[in-house]
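Novice: Can you keep this structure in mind? I'll have questions shortly.
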């Protein structure tokens, strides 16, 4: 049975992708001499800060032009821009339907943890007024590998003291779905089903997310697994 939910943040609870894009675009143009586009931004979703920088450098064919120390400076500057942009977030920035979904989960006493690569996740949750909803937050600094590695979602379940098979992970990025699946959890994709085709269950947008549908799909999958066994 489902005992807990492990959430990605960007694109699932709120949309900070536009702020990340604005901050990365500024760094790329001003410091790296690279002009990025929305297709590059898609590759940055759910990815750590340093991995994002490396993706941008590869896109601009400059992956070997900077030292690790220089990269750290760029990443820090990007974060400073980003923090300034997100400092004005409010509950109005919660994506459609998600506050109601979180309320339903809390009413039914499900554990909830956050599995975001963003070191600013606690700050964002505070701005959204959602801090008290999440029992645990995975510390990105404690991770050895980024998504699509399963480590972050595995830790999200472990923090709730539940088995991976008892956890539902929610993501809007392909790398995130791979992470959830790799952790052995039930994966819920939010977004284009063609991109998130490896998800166990898909919703086109956050407004469609339904606890009843998740429970039904989870039960169906377990019934199929038992039939195979």
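In my numbering, the protein residues as written are 535 to 763. Quick reminder that beta carbons are idealized off the backbone N, C-alpha and C, glycines included. Just so it is clear, the structure is predicted and the values come from calculations on it, not from any experiment.
Whose C-alpha, out of 594, 756, 545, is nearest the C-alpha of residue 579?
Specialist: Taking the first residue of the chain shown as 1, we reach residue 579 at position 45. Comparing Cα-Cα distances from residue 579 to each of 594, 756, 545, the minimum goes to 545.
Novice: Got a sec? Which residues, its chain only, sit under 6 Å from residue 553 by beta carbon, not counting five neighbours each side?
Specialist: Residue mapping note: residue 553 aligns to position 19 of the chain shown, counting from 1. These residues qualify, in order along the chain: 616, 619, 620.
Novice: Three-state secondary structure (DSSP) at residue 736?
Specialist: Within the chain shown, the letter at position 202 stands for residue 736. Three-state result, residue 736: strand.
Novice: Quick check on the DSSP output: the alpha helix (DSSP H) that includes residue 587 runs from which residue to which?
Specialist: Counting from one through the chain shown, the residue named residue 587 turns up at place 53. Looking at the DSSP string, the run of the alpha helix (DSSP H) that includes residue 587 is 583-593.
Novice: Just the C-alpha distance for residue 537 and residue 694, rounded to the nearest angstrom, thanks.
Specialist: For the purposes of this step, residue 537 is taken as residue 3 along the chain shown, with counting starting at 1. For the purposes of this step, residue 694 is taken as residue 160 along the chain shown, with counting starting at 1. Cα to Cα, residue 537 sits roughly 9 Å from residue 694.
Novice: Report the three-state DSSP secondary structure of residue 647 (helix, strand or coil).
Specialist: Locating residue 647 in the chain shown gives position 113, counting from the first residue. If DSSP states are grouped into helix, strand and coil, residue 647 belongs with the strands.
Novice: How is the beta strand (DSSP E) around residue 721 delimited, first residue to last?
Specialist: In the chain shown, the residue the question calls residue 721 occupies position 187. From DSSP, the beta strand (DSSP E) with residue 721 extends over 720-724.
Novice: So the beta strand (DSSP E) residue 662 belongs to, where does it begin and stop?
Specialist: On the chain shown, residue 662 is found 128 positions in, with the first residue counted as 1. Premise fails: residue 662 lies in the alpha helix (DSSP H), 655-662, not in any beta strand (DSSP E).
Novice: Can you give the beta carbon distance from residue 639 to residue 566, rounded, assuming they're within the 8 Å contact cut?
Specialist: As a working mapping, residue 639 is identified with position 105 in the chain shown. As a working mapping, residue 566 is identified with position 32 in the chain shown. Actually they are not in contact, since the Cβ atoms of residue 639 and residue 566 sit about 41 Å apart, beyond 8 Å.
Novice: In terms of residue numbering, what span does the alpha helix (DSSP H) encompassing residue 608 cover?
Specialist: In the chain shown, the residue the question calls residue 608 occupies position 74. 602-620 is the extent of the alpha helix (DSSP H) around residue 608.
Novice: Considering only the beta carbon of each residue, do residue 687 and residue 650 sit closer than 8 Å?
Specialist: If you number the chain shown from 1, residue 687 lands on position 153. If you number the chain shown from 1, residue 650 lands on position 116. It is not a contact, given that the beta carbons lie outside the stated cut-off.
Novice: Per the DSSP calculation, residue 702 is bridged to which residue(s)?
Specialist: The residue labelled residue 702 in the question sits at position 168 within the chain shown. Note: residue 702 sits in a beta bridge opposite 539, 720.
Novice: If you run the structure through DSSP and keep just helix, strand and coil, what is residue 568?
Specialist: The count along the chain shown starts at 1 and reaches residue 568 at position 34. Three-state DSSP puts residue 568 in coil, outside helix and strand.
Novice: Tell me the DSSP bridge mates of residue 544?
Specialist: Position 10 of the chain shown, counted from the first residue, corresponds to residue 544. Residue 544 pairs with 548.
Novice: Which residues in the same chain as residue 711 place their Cβ atom closer than 6 Å to its Cβ, once the five residues preceding and following it in sequence are excluded?
Specialist: Here the question's residue 711 lines up with position 177 in the chain shown. Cβ within range, chain order: 705, 721, 723, 730, 732, 733.
Novice: Tell me, which residues are paired with residue 729 by DSSP?
Specialist: Translated into the one-based positions of the chain shown, residue 729 becomes position 195. Residue 729 is not bridged to any residue.
Novice: Please identify the residue among 739, 551, 593, 718 whose C-alpha is closest to the C-alpha of residue 727.
Specialist: Here residue 727 refers to the residue found at position 193 of the chain shown. That would be 739, whose Cα lies nearest to the Cα of residue 727.
Novice: Out of 757, 702, 709, point me to the one whose CA is closest to residue 735's CA.
Specialist: If you number the chain shown from 1, residue 735 lands on position 201. Measuring from the Cα of residue 735, the nearest candidate turns out to be 702.
Novice: Just list the residues that DSSP pairs residue 670 with in beta bridges.
Specialist: In the chain shown, counting from the first residue as 1, residue 670 sits at position 136. DSSP lists 647 as partners of residue 670.
Novice: For residue 510, which of 590, 535, 539, 543 has the nearest alpha-carbon?
Specialist: One cannot answer for residue 510 here, as it falls past the ends of the chain, which runs 535 to 763.
Novice: Quick one: give me the first and last residue of the alpha helix (DSSP H) that residue 688 is part of.
Specialist: Indexing the chain shown from 1 puts residue 688 at position 154. For residue 688, the enclosing alpha helix (DSSP H) covers residues 685-693.
Novice: Thinking C-alpha only, which one of 654, 598, 547 is nearest residue 625?
Specialist: Within the chain shown, residue 625 is the residue found at index 91, counting from 1. Of the listed residues, the one whose Cα sits closest to residue 625 is 547.
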